[in-house]
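K.L.:
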Amino acid sequence: MLTSLDVRLADGRLLRAYDTGPVDPAGSTGPASPDGRADAAGGPVLMWHHGSPQTGAPLAPVVAAAAARGIRVISYARPSYGGSSPLPDRDVGSAADDAVAVADAFGVDTFHAMGASGGGPHALAGAARHPDRVTAVVTLAGLAPFTERFDWFAGMRAPGGLRAAREGRAARARYAETDEFDPEQFLPVDFAALDGAWSDLGADVGRAARWGDDGLIDDDVAFAKPWGFELGEIAVPVLVVQGEGDRVVPRTHASWNLAHLPEATLWMRLDDGHVSVLGVVPDALDWLLAR
Numbered sequence: 000m001l002t003s004l005d006v007r008l009a010d011g012r013l014l015r016a017y018d019t020g021p022v023d024p025a026g027s028t029g030p031a032s033p034d035g036r037a038d039a040a041g042g043p044v045l046m047w048h049h050g051s052p053q054t055g056a057p058l059a060p061v062v063a064a065a066a067a068r069g070i071r072v073i074s075y076a077r078p079s080y081g082g083s084s085p086l087p088d089r090d091v092g093s094a095a096d097d098a099v100a101v102a103d104a105f106g107v108d109t110f111h112a113m114g115a116s117g118g119g120p121h122a123l124a125g126a127a128r129h130p131d132r133v134t135a136v137v138t139l140a141g142l143a144p145f146t147e148r149f150d151w152f153a154g155m156r157a158p159g160g161l162r163a164a165r166e167g168r169a170a171r172a173r174y175a176e177t178d179e180f181d182p183e184q185f186l187p188v189d190f191a192a193l194d195g196a197w198s199d200l201g202a203d204v205g206r207a208a209r210w211g212d213d214g215l216i217d218d219d220v221a222f223a224k225p226w227g228f229e230l231g232e233i234a235v236p237v238l239v240v241q242g243e244g245d246r247v248v249p250r251t252h253a254s255w256n257l258a259h260l261p262e263a264t265l266w267m268r269l270d271d272g273h274v275s276v277l278g279v280v281p282d283a284l285d286w287l288l289a290r
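First residue of the sequence shown? That's 0 in numbering that gives the first Met the number 0, and the numbers climb one at a time after it.
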């Protein structure tokens, strides 16, 4: 059963958070560690980092695949998404403390992290800043940090939003006023996934529209500036999953991440695009469990 909770942070912000596991009045689940937080004896926990834009609720296929493996899923809406408070000028690294605050609210000590598309960089943030809490990471179709050492935009079918983000938030907000979705970003297999197993993704994007464009704008600005951490700081195992045909986040981003993460594995999916690559989630969960 999916439950939601508004987590109050020390700076006064609220984060809308979700949990597939039961939460008792004390805010803990399963066997607890001496400090009151659930430990590994309570079973594995996955922190799901949502794409851009989404509501923050974990997607149905993720929940189903995790449940089949005895994995509890927690997640939250990043600032300005899905009922979470804004965080002006946030960087990618700010997600690390937010994720830990959510884990604490649900009584979770250590957890795996998985992020798709815009969630990939934010999943890495926790591993960089809180290696005592994040045990391993999976990124699916995730961006690389912005760099001029390769053409960061090459292969993107519709890079306009990220190009505008390089000029600052005001420029990205102006771009949002006229931006339209380019269907050529997706392969036929992507649309098949959205019509089938991953229909909840498209539905969740629709639900996210209720909160406007601010979350997506802030994500893009965060992606296109320094992230607040270096990939080389991440010591935990990372699985990088990439679709060969991805026209949203090209394969060069995965190659860059692979080369700069100290303990990384790459799964290149030759027939997949930006959405269909999510079909690997069950296998990626098995990879996490093996860590």
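Idealized CB from N, CA, C, for every residue including glycine.
1) At which residues does the beta strand (DSSP E) containing residue 312 begin and terminate?
2) For a test of the three-state rule: what should DSSP assign to residue 48, helix, strand or coil?
3) Tell me the rounded alpha-carbon separation between residue 90 and residue 220.
4) If we require 3 or more residues per run, which beta strand (DSSP E) segments fall completely within the region 97–132?
5) For residue 177, does the count of other Cβ atoms within 10 angstroms reach 16, so buried, or fall short, so exposed?
6) If you follow the alpha helix (DSSP H) that residue 263 is part of, which residue opens it and which one closes it?
7) List the DSSP bridge partners of residue 291.
8) Distance, Cα to Cα, residue 103 vs residue 147?
9) Apart from the five residues on each side of it in sequence, which residues of its chain come closer than 6 Å, Cβ to Cβ, to residue 264?
10) Whose C-beta lies closer than 6 Å to the C-beta of residue 112 among residues of the same chain, with five residues either side of it excluded?
11) If you reduce the DSSP assignment to three classes, tell me which class residue 174 lands in.
12) Based on Cα-Cα distance, which residue from 88, 257, 96, 13 lies nearest to residue 139?
13) So the candidates are 260, 19, 248; which of them puts its Cα closest to the Cα of residue 116?
14) Measuring alpha carbon to alpha carbon, tell me which of 193, 152, 9 ends up nearest residue 271.
15) Please name the residue, chosen from 231, 73, 255, 223, that lies closest to residue 109 on a Cα-to-Cα basis.
P.N.:
Quick answer:
1) Any answer about residue 312 is impossible in this case: the structure gives the chain only from 0 up to 290.
2) Taking the sequence shown and counting its residues from 1, one reaches residue 48 at position 49. Strand, per DSSP.
3) Taking the sequence shown and counting its residues from 1, the one referred to as residue 90 is at position 91. Taking the sequence shown and counting its residues from 1, the one referred to as residue 220 is at position 221. If I take the Cα positions, the gap works out to 8 Å.
4) 110–115
5) What you label residue 177 is simply residue 178 of the sequence shown in a count that begins at 1. Exposed, because fewer than 16 other Cβ atoms sit within 10 Å of the Cβ of residue 177.
6) Along the sequence shown, one-based indexing puts residue 263 at 264. From DSSP, residue 263 is part of no alpha helix (DSSP H) but of the beta strand (DSSP E) over 263–268.
7) Summary: the structure shown does not reach residue 291, with the chain confined to residues 0 through 290, and so no result is reported for it.
8) Taking the first residue of the sequence shown as 1, we reach residue 103 at position 104. Taking the first residue of the sequence shown as 1, we reach residue 147 at position 148. If you take the alpha carbons of residue 103 and residue 147, they lie about 38 Å apart.
9) Locating residue 264 in the sequence shown gives position 265, where the first residue counts as 1. Here the set comprises 238.
10) Locating residue 112 in the sequence shown gives position 113, counting from the first residue. Hits under 6 Å: 46, 122, 125, 133, 136.
11) Taking the first residue of the sequence shown as position 1, residue 174 is located at position 175. Helix at residue 174.
12) Along the sequence shown, one-based indexing puts residue 139 at 140. Taking only the C-alpha atoms, the option nearest residue 139 is 257.
13) Numbered from its first residue, the sequence shown carries residue 116 at position 117. Of the listed residues, the one whose Cα sits closest to residue 116 is 248.
14) Here residue 271 is taken as the residue at index 272 of the sequence shown, counted from 1. Measuring from the Cα of residue 271, the nearest candidate turns out to be 193.
15) For the purposes of this step, residue 109 is taken as residue 110 along the sequence shown, with counting starting at 1. It is 73.
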